[in-house]
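Residue numbers (our numbering): 93 to 528. Notes for the one structure printed next.
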């Protein structure tokens, strides 16, 4: 068998599929977005953040700090504890030396492939005048690790994945009228990704090869929002732009044998992808001095995640075909006393992944979030927030066909046929709010 020069591009295509499949994780919202940026918000399933006030709501709406007095700060963290099984049904592989597909082999069930993690968050704001306030939010909106075994049935599409992001959002808000706050923010976002998978050698008797794509980079987006406050009613609308990430790094192939051996080595390159935009609408209504009702609807522009593109010297792209989705949430806050507040909420988020295109590295599905939380003012200037949430994921097919060395004489289709089953997550959040 002769392997032509297109093998290099085929190898890069396999890495590109890996990157496209490797970004998402599982937490409060669909796809690879983590909402855990406020312990107070977590307690009501993030149902009122676009319309709420204070530094802890800056991520959702930069207008949240308009009209404040003095200073306000928040610091918190959420522990995300996911569980679930990725089971093989009938995944097949077709090597160039084979005339019919054969079973992929390996361990047939992967348990809890998404690692436990901690999502930190913080924000600070200060009123320069009664009308003008400035703030800064630090968040980790896309942050997770997955780990499949070297003998897992998904090894050719997923091995180990690590994604870390840090978003720095300086914001300014201005009270245009007595009731209307307007705000804007700049999103400075750092992304660091390491993604790998195994590659099938030309014969099933040979050990697998391996591939790793890693990179990092700083990129920019923006946020804007408004809040209208009239007596017991607060309404909010906010928009967060998509960010085009360009990760500079390298692609490394190893342990390829026979005619594939020349493809071993490390090549410098870069990869680009887009995060989704977000348009959110929120409302908070104090129906009594003690009871406040919250509601929020968010449209996610996941269609921006249409493809992953690998730059020179490969210059190839893999379509992702994500779809735009809705997230809906409702919740309540109840002031038991001037110091103590309890809250609860429920939310539903759609997955942006489509049937027929869901990868084992993206075991994503529609989910329900059931949350409860509390706040207690330990002093006039310090309040502690705590929350717990249970997230239930719908069972879904893992069914995205991929190919190693795509478009070359060594092309090796992987006909993926598996299931996501019994998936759920527990999220525990703790934070503190300070005024000064």
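We put the CB at the ideal spot given by N, CA and C, even for glycine.
Can the beta-carbon of residue i be found closer than 8 Å to that of residue j?
i	j	result
residue 446	residue 489	no
residue 421	residue 339	no
residue 364	residue 343	no
residue 265	residue 274	yes
residue 132	residue 419	no
residue 473	residue 526	yes
residue 170	residue 121	no
residue 460	residue 436	no
residue 425	residue 168	no
residue 257	residue 279	no
residue 143	residue 318	no
residue 177	residue 200	no
residue 238	residue 206	yes
residue 259	residue 281	yes
residue 123	residue 394	yes
residue 160	residue 223	no
When the Cα atoms are used, what is the spatial distance from residue i to residue j?
i	j	result
residue 244	residue 482	28 Å
residue 521	residue 438	16 Å
residue 116	residue 397	At residue 116 the pLDDT is 37, less than 50, meaning the model places this residue with poor confidence and gives no usable figure here.
residue 479	residue 292	45 Å
residue 357	residue 346	6 Å
residue 219	residue 126	29 Å
residue 212	residue 129	7 Å
residue 263	residue 209	28 Å
residue 316	residue 375	17 Å
residue 337	residue 225	30 Å
residue 466	residue 289	43 Å
residue 355	residue 174	37 Å
residue 300	residue 232	35 Å
residue 518	residue 307	30 Å
residue 498	residue 410	11 Å
residue 118	residue 309	Residue placement at residue 118 is poorly supported in this model, since its pLDDT is 48, which falls under 50; the coordinates still yield a value, given next. Rounded to the nearest angstrom, the two C-alpha atoms are 23 Å apart.
residue 373	residue 158	17 Å
Just confirm the distance between the C-beta atoms of residue i and residue j, as a whole number of angstroms; I'd bet it's less than 8 Å.
i	j	result
residue 408	residue 325	Not a contact, Cβ separation roughly 52 Å.
residue 402	residue 361	6 Å
residue 297	residue 452	Going by Cβ atoms, the distance from residue 297 to residue 452 rounds to 25 Å, so no, they are not a contact pair.
residue 431	residue 469	4 Å
residue 140	residue 423	6 Å
residue 493	residue 507	5 Å
residue 227	residue 150	5 Å
residue 271	residue 322	5 Å
When the Cα of residue i is compared with those of the options, which residue comes out closest?
i	options	result
residue 197	242, 227, 353	242
residue 391	304, 331, 397, 357	331
residue 415	368, 374, 454	368
residue 295	186, 170, 527	186
residue 333	322, 313, 280	313
residue 183	261, 160, 388, 510	510
residue 305	162, 148, 341	341
residue 380	372, 389, 428	428
residue 188	500, 475, 123	500
residue 166	267, 496, 148	148
residue 455	413, 172, 153, 515	515
Could you give the uninterrupted runs of the beta strand (DSSP E) lying entirely in the stretch 387 to 475, keeping only those of 3 residues or more? Correct list: 399 to 402, 408 to 411, 417 to 427, 432 to 441, 459 to 471.
Complete runs of the alpha helix (DSSP H) confined to the stretch 208 to 255 [at least 4 residues]: none
Ranges of the beta strand (DSSP E) found wholly within the stretch 475 to 522, counting only runs of at least 3: 488 to 490, 494 to 496, 504 to 507
Any beta strand (DSSP E) of 3 or more consecutive residues that is wholly inside the stretch 272 to 337: 272 to 291, 301 to 322, 325 to 332
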